[in-house]
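Scroll down for the structure; my scribbles are underneath it.
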Amino acid sequence: DCVTGFLKDKTVVLVTHQLQYLNDVDHIVVMNFGTIQSEGTYHALQNSGTEFLKRLTTQDEDNDEESTTTLLYKRHSSIQSVKSMASSVEEFKTMEEPPEVAEMRSTGTVSGKVYKSYLTAGGNCCALMFLLVLCVLTQLLASGGDYWITYWVNLEEYNYNHKTSPLAQPLLQTSPNSSVAAPTVATNITDTETWQGLSLSRDTCVYIFSAITVTTVIITLFRSYMFFYMCMRASRRLHDTMFNSITRATMYFFNTNTSGRILNRFSKDMGSIDEQLPAALIDCLQIGLTLVGIIVVVGLVNFWLMIPTVFIGILFYYLRNFYLSTSRSVKRLEGVTRSPVFSHLNASLQGLTTIRAFHAQQVLEREFDNHQDLHSTAWYIFIASSRAFGFWLDGICLLYISFVTFSFLVMGSETFGGNVGLAITQAIGLTGMFQWGMRQSAELENQMTSVERVLEYTNVEKEPPLESAPDKKPPANWPEEGKITFSRVYMTYSPNDPPVLKNLSFTIASKEKVGIVGRTGAGKSSLIAALFRLAEIQGEIEIDYIVTSSIGLHELRSKISIIPQEPVLFSGTVRKNLDPFDQYQDTVLWNALEEVELKEVVQDLAGGLNGKLSEGGSNLSVGQRQLVCLARAIVRNNRVLVMDEATANVDPQTDALIQSTIRRKFADCTVLTIAHRLNTVMDSDKVLVMSAGSAVEFEHPHILLQNKEGVLYGMVEQTGRVTRDLLHNIASANYKRKHKTEVNAQSKKDS
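For the sequence shown, the positions run 17 to 767 when my numbering is used.
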């Protein structure tokens with residue numbers, strides 16, 4: 017109705033492998049290997065005797081009465097996006113997608129546990145204590161050098177006064193305003209001065225100062241190397257811990273957290289931990305120790321300067337708290353508003369073809385601008401508040417320098433010049449370092465929010481153990497039969513959600529081919545999720561008499577093959593996509609490719625089995641990707657195979673190839689097929705009909721179709737007269753063939 021009705025006045029290009037729809041088009045172009053094989057009207061091609069006629073005869077006889085309400089609905093499960101038959105558009109509208117959990121944003125100060133986690137990630141207590149000792153020793157040497165310069169200057173000043181004026185004897189006494197002792201000098205004037213009973217030449221002073229400086233440089237370099245080594249180690253450990261936690265997270269985590277949000281943690285937050293955090297931390301550590309050293313030195317020079325120093329320290333402390341109460345929340349807000357930018361950009365890149373096809377660039381640009389505006393607003397407020405904080409600190413520091421300078425003017429000549437120089441230079445350094453230290457301490461706490469956000473993802477709920485306990489490991493050849501039993505199974509995706517599977521109890525015999533049908537939201541994909549333990553369940557699922565919850569996830573999932581509706585391939589070689597763990601010989605891989613008629617395609621790739629596949633296998637067609645997934649299942653040769661409507665998005669020829677290959681290669685396997693087109697399961701041994709998470713019917717399709725009140729019967733009736741008759745015939749023929757086979761087998765057994 018959409019194409020022939022609403023779009024009747026538009027030029028429509030329909031790309032499809034569903035040939036039953038071509039009767040309504042004006043012109044047909046048949047493509048094959050990138051070239052036009054034939055073209056013309058439907059009837060002209062039908063009478064031409066070309067390949068088109070062969071394709072048409074192999075196509076199922078679906079007609080216009082077939083339900084058009086097959087809709088794509090995103091499932092909780094990560095199996096794939098699932099198509100199902102919906103009875104009406106209204107029914108689809110009532111269904112809700114899994115809610116995205118709001119991103120957590122902490123409030124208040126960063127807890128001490130966050131600092132402890134970061135520091136302990138860098139090293140143990142002994143390493144941290146050794147680093148602290150190095151930092152303290154570095155500052156002692158630096159302050160000692162400054163203090164020695166003061167001694168030296170005072171010594172030179174006294175020597176000069178003593179040589180030029182014999183009346184300068186009062187300067188021999190210790191200044192009442194300084195704890196730096198004035199030197200006493202011998203009565204005879206020589207190049208060697210006596211310092212508190214020690215004879216010190218100028219060269220000796222130079223040697224002592226040089227030794228202090230060289231030692232300071234060496235220890236500072238060693239301290240810096242050790243500090244940044246520990247920071248790199250902490251960053252690497254936090255990244256690895258978060259990565260391991262994410263890869264072991266439950267599927268509920270991925271369904272409720274966008275890829276942009278996860279990417280934000282690994283990119284921006286880890287970038288801050290790698291780059292900004294170490295610089296802020298070393299500045300705070302170094303400035304803090306330097307400030308203590310400066311205060312001690314200034315106090316020794318002039319004790320009265322401690323009064324304004326303490327006052328300015330208290331003032332800075334309250335200003336810092338006032339600033340942090342805002343900047344910390346703004347920084348967290350900036351991190352939260354950044355995630356939608358990553359998510360939107362990631363989604364736009366993935367859907368770029370669709371966006372351009374629908375000329376929706378401007379719509380996406382406006383949405384991106386909205387996300388970016390929110391992030392830029394938070395970022396601008398953070399930068400502006402930081403600059404304002406620095407401005408006020410600089411103003412207060414100028415007042416402090418002025419006070420120190422004028423204090424020495426008041427004191428007059430009662431102190432040595434070295435003491436004056438030391439006090440003023442230290443005050444200038446104290447001022448600059450104080451305001452920079454305040455800003456860096458605030459920056460440190462702001463950057464620690466990145467550690468806080470990373471730690472949130474290191475504590476996500478994890479899946480059960482990957483490996484079984486030694487006494488519960490299944491046999492190496494498990495499962496041999498492929499018998500599956502569900503016993504009173506309930507499943508929810510989170511503790512607060514209602515169950516999506518309710519009291520499921522049924523048994524699938526060995527080698528049975530079972531189709532799973534139901535309307536949208538019936539629980540078909542949730543059943544497969546329960547089988548793979550993608551979510552925890554109540555009740556028991558047994559495969560060959562072993563409860564799946566008692567074994568590790570590796571042993572379970574590696575023994576079940578799946579062919580998804582949308583083929584999943586990974587960047588890398590063909591070999592890694594077929595055999596990621598290098599468990600099979602090349603001959604096994606080539607045989608599997610030959611079974612699905614992909615051997616020549618792979619041979620044409622540069623490198624053959626080592627040929628590179630693009631991201632998502634984009635250098636292969638959809639049908640070829642599906643065949644690679646089928647080849648992967650053939651290589652594994654498991655006794656249980658799950659098919660999530662593997663032929664829904666492929667052409668009739670590929671569909672026929674997949675169906676025939678499965679019948680041939682998996683004849684001795686238990687096969688579960690999630691069906692969205694009923695014709696794919698009508699020849700199954702049994703059909704499981706799901707409704708609202710419960711199993712309402714489970715029997716051979718022919719038997720189920722005899723019940724005119726049944727759910728399956730109603731679904732078949734909705735497909736239209738022609739398709740309905742076809743489905744009945746398929747089910748009936750399969751039932752008679754199976755019954756005849758069983759009778760013959762019983763006769764042979766009796767004889």
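Where is the CB? At the ideal position from N, CA and C, for every residue including glycine. Being a predicted model, the structure only gives us computed values, none of them experimental.
Residues near residue i by beta carbon distance below 6 Å, same chain, minus five either side
i: P192; result: Note on P192: pLDDT 40, under 50, position unreliable in the model; the coordinate value appears next. Correct list: empty, nothing qualifies.
i: Q292; result: Q463
i: G139; result: M246
i: S251; result: I289 and D290
Own chain, CB closer than 8 Å to residue i, minus 5 neighbours either side, in chain order
i: T74; result: Here the model assigns T74 a pLDDT of 49, short of 50, so the residue's position is not dependable and the matter cannot be decided.
i: S261; result: Y473, T474, N475, V476 and K478
i: K754; result: D701 and H716
Residue i versus the options, residue with shortest Cα-Cα distance
i: S147; options: H387, T236 and I532; result: Correcting the residue type first, residue 147 is Leu in the shown sequence and not Ser. The candidate whose alpha carbon is nearest that of L147 is T236.
i: E381; options: L704, W395 and L365; result: L365
i: G160; options: V19, K756 and Q442; result: Q442
i: Y561; options: K756, S700, P490 and N626; result: P490
i: R264; options: L569, K26 and A458; result: L569
i: G406; options: L415, Y339, Q378 and H375; result: Y339
i: A373; options: V29, L547, G50 and A485; result: V29
i: F319; options: V436, V222 and S710; result: V436
i: N635; options: L621, L414 and E616; result: L621
i: G632; options: G624, F384, Q642 and G623; result: Q642
i: N519; options: G56, R549, Q388 and A708; result: A708
i: N493; options: P580, N654, F419 and Y396; result: N654
i: D684; options: A227, W168 and K499; result: K499
i: R253; options: C300, T136 and I444; result: T136
i: I576; options: L614, W606, V618 and P495; result: P495
i: S343; options: I311, L572 and R455; result: R455
Sub-8 Å separation of residue i and residue j beta-carbons
i: S392; j: R277; result: no
i: M286; j: V533; result: no
i: R648; j: N723; result: no
i: V357; j: A394; result: no
i: H258; j: R281; result: The amino acid at residue 258 is misidentified as His; the sequence shows Met. Cβ distance < 8 Å, so M258 and R281 count as in contact.
i: A143; j: M246; result: yes
i: V651; j: Y600; result: yes
i: M775; j: K540; result: With the chain covering 17 to 767 only, the question about residue 775 has no answer from this structure.
i: S457; j: R336; result: yes
i: Y506; j: P515; result: yes
i: I557; j: A545; result: no
i: V604; j: L646; result: no
i: L471; j: V233; result: no
i: H716; j: D701; result: yes
i: S587; j: S630; result: yes
i: I52; j: V41; result: no
i: A439; j: L301; result: no
i: L704; j: T735; result: no
i: L614; j: V644; result: yes
Same chain, Cβ closer than 7 Å to residue i, neighbours up to 5 away in sequence not counted
i: L152; result: According to the sequence as given, residue 152 is Val; it is not Leu. Closer than 7 Å at the Cβ level, and outside the excluded window around V152, lie L305.
i: T231; result: L157
i: L307; result: L446, M449, F450 and G453
Cβ neighbour criterion (16 or more within 10 Å) applied to residue i
i: R403; result: exposed
i: R348; result: buried
i: R679; result: exposed
i: L183; result: Only weak support is given to the placement of L183: the predicted model assigns it a pLDDT of 47, under 50, and the value that follows is read from those uncertain coordinates. By the neighbour-count rule (16 or more Cβ atoms within 10 Å), L183 is not buried but exposed.
i: N271; result: buried
i: A768; result: With the chain running from 17 to 767 in the structure shown, residue 768 is simply not present.
i: A749; result: exposed
i: H43; result: exposed
i: T20; result: exposed
i: C18; result: exposed
i: G351; result: buried
i: V31; result: exposed
i: G537; result: buried
i: D25; result: exposed
i: T27; result: exposed
Distance cut-off 7 Å: residue i Cβ against heavy atoms of the ligand SAM
i: V705; result: Summarising the ligand content, the structure contains no ligands, and the ligand SAM is consequently not present.
Beta-bridge pairing of residue i - partner residues as DSSP gives them
i: D660; result: I690
i: E556; result: S503
i: T523; result: T501
i: G588; result: L629
i: L237; result: Answer is none; L237 lacks a bridge partner.
i: N170; result: DSSP, once it has assigned bridges, lists no residue as partnering N170.
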